[in-house]
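Heads up: the structure comes next, in structure tokens.
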Amino acid sequence: MKTMTIERKIAHAVSEIIANETGQTLQENSIIIQKTRKDFEGDLTLVVFPFVKMLRRSPEQCAELIGTAVLQNVEEVDTFNVEKGFLNIVLKKSFWLDFLNNNVDNQCFGILKTQDRENTKPVVVEFSSPNTNKPLHLGHIRNNLLGFSVARILEAAGHRVEKVNLVNDRGIHICKSILAWIKYGAGETPENTGKKGDKLVGDYYVRFETELRKEVQALIESQGVKEDEARKNAPLMQEAQDLLRRWEERDPEVMEVWKKMNDWVYDGFDHTYEQMGISFDKIYFESDTYLLGRDIVIQGLANEQLVKKEDGSVWAVLSEYNLDDKLLLRADGTSVYMTQDIGTAQLRFDDYHPKQMIYVVGNEQNYHFDVLKKVLKKLDKPYHNIIHHLSYGMVELPAGRMKSREGTVVDADDLMDEMVERARKTTEELGKTEDFTSTEKEKLYHMIGLGALKYFILKVDPKKNMLFNPEESIDFNGNTGPFIQYTFARISSILRKAGEKRLRDATLELDAALLNNKEISLLKNIHSFANLLPEAAREHSPALIANYVYELCKEFNQFYHEYPVLNEPNGAISDFRLHLLKLIAHNIRNSMFLLGIDVPDRM
RNA sequence: GGCCCCGUAGUUCAACGGAUAGAAUAGAAGUUUCCUAAACUUUAGAUACAGGUUCGAUUCCUGUCGGGGCUACCA
3 MKTMTIERKI
13 AHAVSEIIAN
23 ETGQTLQENS
33 IIIQKTRKDF
43 EGDLTLVVFP
53 FVKMLRRSPE
63 QCAELIGTAV
73 LQNVEEVDTF
83 NVEKGFLNIV
93 LKKSFWLDFL
103 NNNVDNQCFG
113 ILKTQDRENT
123 KPVVVEFSSP
133 NTNKPLHLGH
143 IRNNLLGFSV
153 ARILEAAGHR
163 VEKVNLVNDR
173 GIHICKSILA
183 WIKYGAGETP
193 ENTGKKGDKL
203 VGDYYVRFET
213 ELRKEVQALI
223 ESQGVKEDEA
233 RKNAPLMQEA
243 QDLLRRWEER
253 DPEVMEVWKK
263 MNDWVYDGFD
273 HTYEQMGISF
283 DKIYFESDTY
293 LLGRDIVIQG
303 LANEQLVKKE
313 DGSVWAVLSE
323 YNLDDKLLLR
333 ADGTSVYMTQ
343 DIGTAQLRFD
353 DYHPKQMIYV
363 VGNEQNYHFD
373 VLKKVLKKLD
383 KPYHNIIHHL
393 SYGMVELPAG
403 RMKSREGTVV
413 DADDLMDEMV
423 ERARKTTEEL
433 GKTEDFTSTE
443 KEKLYHMIGL
453 GALKYFILKV
463 DPKKNMLFNP
473 EESIDFNGNT
483 GPFIQYTFAR
493 ISSILRKAGE
503 KRLRDATLEL
513 DAALLNNKEI
523 SLLKNIHSFA
533 NLLPEAAREH
543 SPALIANYVY
553 ELCKEFNQFY
563 HEYPVLNEPN
573 GAISDFRLHL
583 LKLIAHNIRN
593 SMFLLGIDVP
603 DRM
């Protein structure tokens, strides 16, 4: 143990004094040390209530006793004060100065490197997982940003990470858009229409639904059947199902159209992913994996882990888990969604032998994943307990969830374009880019627009539903991405003005007594990042990082307003502040990197 | 019907069971001879309701009310 954190040192001292007093040993993780709240004097606070009974003293006496012991045994501690049942510990100013000293040249404070990559089992993070029958929308944006950011956070926390995408490129829904294109497409292509491939295919998916609804309506009126009955029997639906059968038989004619249309979609997706700034290490296609799932199920049946009903359909019996039985193969032998997921899980396990497989999938599929894990357990698969469903909340509109039928879907490309446009407009109104080249401008507007969007999405706790109001544009002021980018640009501007030589020659020989509260507060913030990052990794929560970096920037702006850096007459203080700014800048950049957001040197 | 999730300022979001529930935005009032005013300062405003557990509850438990999701031989 080379570097023990100050929190652990204190916790250790606390457990010792309690052991001395009572003869009881308590686990160090039962000692609650938190950051002291703003309104009180101190850096760290110990809640002493848990020890009151053991020590048989009043809370104040306990705090006094523990405080004295900590003061004696931990050299970094300067003083302490007792406020109700809370022991507030003040660290020496030199502790903070040393902290800066030790980390000013560390561009990656708090970031852990994966040791021995070759021999480390990876965490596989699956996200995005689009269907190839329609373009990406706002819901996918949350999924993509979340998955990408969580992958970066895990990596920064010392894990080896593999990002994978599972493209849902087969099934009845895909056949629907293919069929509509064959019937009504009149040879339209992305080239001859100028339309983005995924949009074009999506249009035909919508067209299918429109035409189907007409047929269903007609059936209901002429034969008086119920709607779901009519949907099943409608000629178009029959044709789509026929197309699916032909696809499963690898009918060359169908395969050709399928391939062609999927390629259009992939071109479209590539563009969307690029705009979003996300990428994958590997892409899986369900068309390659669904048969594997079927084989596993058949094997499971042979092993008597699954059961076959009279009609020939295959089921997992899950009554022992209080879940309904789950169908895995239809009577006609075709696969369902769950069957595919069994196959992809197996393949992923074989490919990576991961220590964990994370699936970034909306919370509407909570039940599905509960069942998946149980089915895999039933099948005796070793990986059933390394599956983690990173279940995130939906993005809702003021009127409720997005519905493609009602045309309320917020398109991913459109939204990103709007954000970039607004960044352009706002920046130009402020007249900040007059001396930028046009390339620099485009880059900046993209950075700001996407920064605003990403931060807006990621600052919300992933588990919770969130609201997006298309009427109100995403802000550039306040608790936003651009605010953080702006703060970074401000710091960069000072560092730029200082010049390389000045930065290189700057000394750190300040009398610690000269540190002011704002400076200590900033150092304290950054110091806490080392604890925050592992927590964000554990919780799979970019929101923790977002809130952290916002707090840091807010703090910096207050400092910036109150204290000069380059204009500070005391050279030692000025030098110190330059170092402080460097550390802050690195930390902001790193934090934003974890969110997948770039920061500009000027804006 | 059964199962699960969520109700915090006008609005959008915070708060390992810990101190006086934080921010942002919208509202009101201010700050540019000074390193970028996308900033800063001041001000007003909230835990759906009723019980319980606890030294202490926005947080855990029970009930009521309100919102959402799942419950397919769809994905």
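Residue numbers 3 to 605, in the working numbering, belong to the letters of the first sequence in order.
Glycine included, each C-beta is placed from N, C-alpha and C at the ideal position.
Roughly how many whole angstroms lie between the Cα atoms of ALA65 and GLU23?
13 Å
Where does the unbroken beta strand (DSSP E) through LEU330 begin, and where does it stop?
328–331
Please classify LYS4 as buried or exposed, where buried requires at least 16 neighbouring CB atoms within 10 angstroms.
Any answer about LYS4 is weak, because its pLDDT of 41 lies below 50 and its placement is not dependable; what the coordinates show is given next. When all chains shown are included, LYS4 counts as exposed.
To the nearest whole angstrom, what separates the beta carbons of ALA159 and PRO536, a pair I think is in contact under 8 Å?
5 Å
Is DSSP giving TYR565 helix, strand or coil here?
coil
Any heavy atom of the ligand NAD closer than 7 Å to the Cβ of GLU85?
What this structure holds is no ligand at all, so the ligand NAD is not there to describe.
By alpha-carbon positions, which one of THR7, PRO132 and PRO124 ends up nearest to ILE285?
PRO132
Can the beta-carbon of TRP249 be found closer than 8 Å to that of ARG172?
yes
Inter-residue Cα distance where the pair is VAL422 and ARG154
24 Å
To the nearest angstrom, report how far apart VAL79 and GLU430 are at their CA atoms.
51 Å
Is it right to say THR482 is buried, meaning 16 or more other beta carbons lie within 10 angstroms of its own, or is it exposed?
Label assigned to THR482: buried.
Looking at ASN83 and GLY44, is the spacing between their C-beta atoms short of 8 Å?
It is a contact, given that the beta carbons lie within the stated cut-off.
When the Cα atoms are used, what is the spatial distance from ALA548 to TYR457?
7 Å
Would you identify the three-state DSSP class for THR47, choosing helix, strand or coil?
strand
Just how far apart, CA to CA, sit ASP244 and ALA236?
Each residue's Cα considered, the two are about 12 Å apart.
Residues in the same chain with beta-carbon distance under 6 Å from ASN170, minus the five sequence neighbours each way, listed in chain order, please.
ASN133 and GLU288
What are the start and end residues of the alpha helix (DSSP H) that includes GLN607?
A query on residue 607 cannot be resolved here, the shown segment of the chain reaching from 3 to 605 and no further.
For LYS262, does the three-state DSSP call read helix, strand or coil?
helix
Assign GLY270 to one of three DSSP states: helix, strand, or coil.
helix
Using alpha carbons as the reference points, say which of LYS357, HIS386, HIS142 and GLN358 lies closest to PHE371.
Measuring C-alpha to C-alpha distances from PHE371 to each of LYS357, HIS386, HIS142 and GLN358 identifies HIS386 as the nearest.
Do ILE360 and VAL126 count as a contact pair if the criterion is CB distance below 8 Å?
yes
Measure the alpha-carbon distance for ILE298 versus THR274 and round it to whole angstroms.
Here the alpha carbon of ILE298 sits roughly 35 Å from the alpha carbon of THR274.
Quick test of your reading: LEU28 and ILE35, contact by CB under 8 Å. State the CB separation rounded to the nearest angstrom.
Incorrect: roughly 14 Å between the Cβ atoms, too far for contact.
Can you tell which of GLN560, GLU157 and SER337 has its C-alpha closest to the C-alpha of ASN518?
The shortest C-alpha separation from ASN518 is found at GLN560.
Reference ALA508; option with closest CA among ILE476, SER576, TYR354 and GLU18:
SER576
Grouping DSSP H, G and I as helix and E and B as strand, with all else coil, what is ALA236?
coil
Is VAL373 closer than 8 Å to LYS328 when the C-beta atoms are compared?
For LYS328 and VAL373, yes; Cβs fall inside 8 Å.
Could you round the C-beta distance between LYS136 and GLY187 to whole angstroms and report it? I think they count as a contact, below 8 Å.
No, LYS136 and GLY187 are not in contact; Cβ-Cβ is about 16 Å, not under 8 Å.
Using 8 Å as the threshold, is the segment 212–223 in touch with the segment 188–200, meaning 3 or more CB pairs across them?
no
Does PHE287 come out as helix, strand or coil in the three-state DSSP assignment?
strand
Please list the terminal residues of the continuous alpha helix (DSSP H) segment that includes VAL16.
8–24
Grouping DSSP H, G and I as helix and E and B as strand, with all else coil, what is ASN589?
helix
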